[in-house]
Amino acid sequence: MTVTSATGAVLVLNAGSSSLKYQLINPDTEIVIADGIAERIGEMQSSITHHQGGETITQDAELPDHRTAISVAQDLFAECGTALATAGLLAVGHRVVHGGQIFHRPTLITDDVVEEVGRISDLAPLHNPANLIGIEAARSQLPQVPSVAVFDTAFFHGLPDAAATYAIDREVAEHYGVRRYGFHGTSHEYVSGRVADFLGRPIGEVNQIVLHLGNGASASAISGGRPIDTSMGMTPLEGLVMGTRSGDIDPGVLLHLNRVAQLGVDQIDTLLNKWSGLKGLCGENDFRSITEKMAAGDSGARKAYEVYIHRLRRYIGAYMIELGPVDAITFTAGVGENAASVRADALAGLEHYGIVVDAERNAVRSKEARRISADDATVDVLVVPTNEELAIARQAATVVG
Ligand code: AMP
């Protein structure tokens, strides 16, 4: 096995409540030296899978907490020839979901920053506490490497007030930080930059819609490199139909479920986050299974697909009006990059707006950025693979470099 030097590389960590994804990547060469995932941390039957130098190591390992997971990952790195502690890493870059109104830049992590991220955990109780555990684990396991937080909300920090404000009592909103923050910002920023590169135009001149369609899904309207609207709100629940999240829903439904079905706040939370979206509609959250079921004539899967497309088109329409002239509409993330039917159906019948998806181009499978619109269309429709790890590594490098 060849050992690629990790000098100058960034270890990117994405800590979830029971998982830890990591990638060791050089932000300049874009070479991924290794990546892996520790799963079911703190549960029975936890495991870790590590890829490096063309090899895959999968181990059942006792992982009672994230600190142990990082320590086991370190052992696997060492087994593959990279001792992280002495490899000359530039930084550890942490994905942090919520930056509240405080953090809108990648930030060197100090004790004060840890405290502040903890303080805004109320805004993202499902995510920030897990991110913090990852930060604390990395700081204790790799104390000599600076840690940098990259916030999922940061790109949307400057959303125009009209787009960021919920129409509720101002005092209540201000006291409790109730406003639209937006998420998936690292992806929307990275992809919109790649779109400008692909078109060979300065980003300041491009009006674009980015559709990040993964298990979580969000849309954004970006004018001249600045987001003017996005579909996720105070939490990542708002907006598009997602794998297991409802997206937009009349808030009256929550009141009804509480009053009439007597569901408590935690039950409603679980319903909307884990048992809704595609999963709630047809029992499946993976688009591949939905496509297979639709092909086999499953009416539930068909309905889920139709609801998904309907919501997506509603956002595309709204953002076309908000942006005025649109130069590009771009699909990214697992569904956006792979599901040709979603791309075709989301933009069907919009020829009179200059939007024409070319069926042959759309059917091509590729890992590269590509144009799928027809030559005579006035709006470029693109597929651009997202790369949040690379974006986090680059941002972390700018902070410490
Ligand atoms: P992400 O969150 O970006 O990793 O996207 C994950 C989702 O992408 C999965 O839940 C799948 O539904 C979807 N996906 C991945 N590969 C394909 C594919 N080949 N065709 C359709 N959907 C896919």
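When you line the sequence shown up against this note's numbering, it's residues 3 to 403, in that order. Quick reminder that beta carbons are idealized off the backbone N, C-alpha and C, glycines included. From a predicted model like this one, the values you see are computed outputs, not experimental measurements.
- The DSSP-derived three-state label of Leu283 is helix.
- Rounded to the nearest whole angstrom, the C-alpha separation of Asp171 and Leu283 is 33 Å.
- Rounded to whole angstroms, the separation of the alpha carbons of Ala371 and Thr388 is 9 Å.
- Of all residues, those with a beta-carbon under 5 Å from at least one heavy atom of the ligand AMP are Gly216, Asn217, Asp288, Phe289, Arg290, Ala335, Gly336, Val337, Asn340 and Ala341, reported in chain order.
- Residue pairing from DSSP places Phe153 in a beta bridge opposite Val98.
- The residue among Leu125, Ser73, Val267 and Ala341 with its C-alpha nearest the C-alpha of Leu213 is Ala341.
- No Cβ-Cβ contact shorter than 8 Å links Val119 with Gln397.
- Annotation note: the region 113 to 181 contains the following uninterrupted beta strand (DSSP E) runs of length 3 or greater, listed N- to C-terminal: 149 to 153.
- In the DSSP assignment, Ala330 falls outside any alpha helix (DSSP H) and within the unbroken beta strand (DSSP E) covering Ala330 to Thr334.
- The region 215 to 270 is shown to contain whole alpha helix (DSSP H) runs of 4 or more residues at 253 to 261, in chain order.
- In this structure, Ala36 sits away from Thr88, with a CB-CB distance that is not shorter than 8 Å.
- The region 237 to 244 and the region 354 to 367 do not touch, with fewer than three beta-carbon pairs separated by less than 8 Å.
- Ranked by how close their Cα comes to the Cα of Asn209, the residues Thr58, Leu144 and Ala330 have Ala330 in first place.
- In its chain, beyond the 5 residues on either side, Glu118 and Ile122 have a beta carbon closer than 8 Å to the beta carbon of Ile104.
- With a contact defined as Cβ atoms closer than 8 Å, Asn260 and Gly336 miss out at about 33 Å.
- Ala126 sits close to His100, with the two beta carbons spaced by under 8 Å.
- Less than 8 Å separates the beta-carbon of Val12 from that of Ala395.
- With a contact defined as Cβ atoms closer than 8 Å, Gly279 and Arg247 qualify at about 5 Å.
- The three-state reading of DSSP puts Tyr24 in strand, counting E and B together.
- Taking 8 Å as the upper bound for CB-CB distance, Arg345 and Phe333 are in contact here, some 5 Å apart.
- If you check the CB distance, Gly184 and Leu161 come in under 8 Å.
- Within the DSSP secondary-structure output, Ala89 pairs in no beta bridge.
- Contact between Leu22 and Ala8 does not hold, since their C-beta atoms are separated by about 18 Å, which reaches or exceeds 8 Å.
- Val401 is a Cβ neighbour of Pro108, given a cutoff of 8 Å.
- Contact check for Ala80 against Tyr24 fails: the beta carbons are separated by 8 Å or more.
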